[in-house]
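Quick note: the sequence shown, position 82, residue 121 per this note's numbering, numbers continuous.
Think of the CB as a built atom: it goes at the ideal place given N, C-alpha and C, for glycine as much as any other residue.
What follows is one structure encoded as structure tokens, with my remarks underneath.
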Amino acid sequence: MTDLIEVKTADLAGEALGWAVGKAEGLDVFLVPPQYGNPWRVFARYQATATEHTKRYNPWEDWALGGPLFDKHCKGFGMLQDGTDSRYRAFAYNRPTGFSRLAGGPTILTAGCRAIVTLNTGDTAQVPKELMPCS
């Protein structure tokens with residue numbers, strides 16, 4: 040298993056955000072190492088009674104993955120504009136507890152994914168160190 044590091048949820052992006060969302064959703068996520076010019080990537084393993092398959096897990100950029108997460112968790116979203124940059128906001132909501140969390144991002148999918156992670160894990164998340172840029 041890879042070493043995990045703690046990252047502020049608001050700083051999660053790309054593959055690290057995908058990992059954190061997958062973990063928040065209870066998915067069996069794993070890393071595929073760099074190959075054929077691709078960097079580290081996150082995949083999810085889906086198992087049924089008689090079948091198993093793996094698929095790239097990138098809800099921050101793929102509406103086919105992120106859209107159902109919005110339906111499930113995000114009850115409000117929008118955009119703020121300050122004249123130079125647009126920032127999106129999303130509210131993730133937990134129906135049984137009534138608890139909600141707000142997060143922002145450069146795209147609506149990123150904002151929604153960050154809100155889901157914040158709702159489930161708080162202001163920080165554990166992600167593989169391979170997914171974070173070198174400082």
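Annotation for tyrosine 132: Lys114, Ser139 place their beta carbon closer than 6 Å to its own, counting only its chain and skipping 5 residues before and after.
With respect to the 8 Å criterion, arginine 153 and leucine 51 are classified as neighbours on the basis of their beta carbons. Annotation: the continuous beta strand (DSSP E) that includes lysine 114 extends over 113-120. Judged by their CB atoms, glycine 143 and tryptophan 99 are not nearer to each other than the 8 Å cut-off. Under DSSP, tyrosine 96 shares a beta bridge with no residue.
Histidine 92 and arginine 84 have their C-alpha atoms spaced approximately 6 Å apart.
CA-CA distance, isoleucine 147 to tryptophan 58, rounds to 18 Å. The shortest CA-to-CA distance from aspartate 110 to any of Ile155, Leu119, Val68, Arg126 is the one to Ile155.
Judged by beta-carbon spacing, threonine 163 lies within the 8 Å limit of glutamate 45, meaning their Cβ atoms are closer than that value. Under the 10 Å beta carbon count, arginine 80 is surrounded by 16 or more other beta carbons and is classified as buried. For threonine 157, the secondary structure class from DSSP, reduced to helix, strand or coil, is helix.
Taking the CA atoms as reference points, glycine 161 sits about 33 Å from threonine 88.
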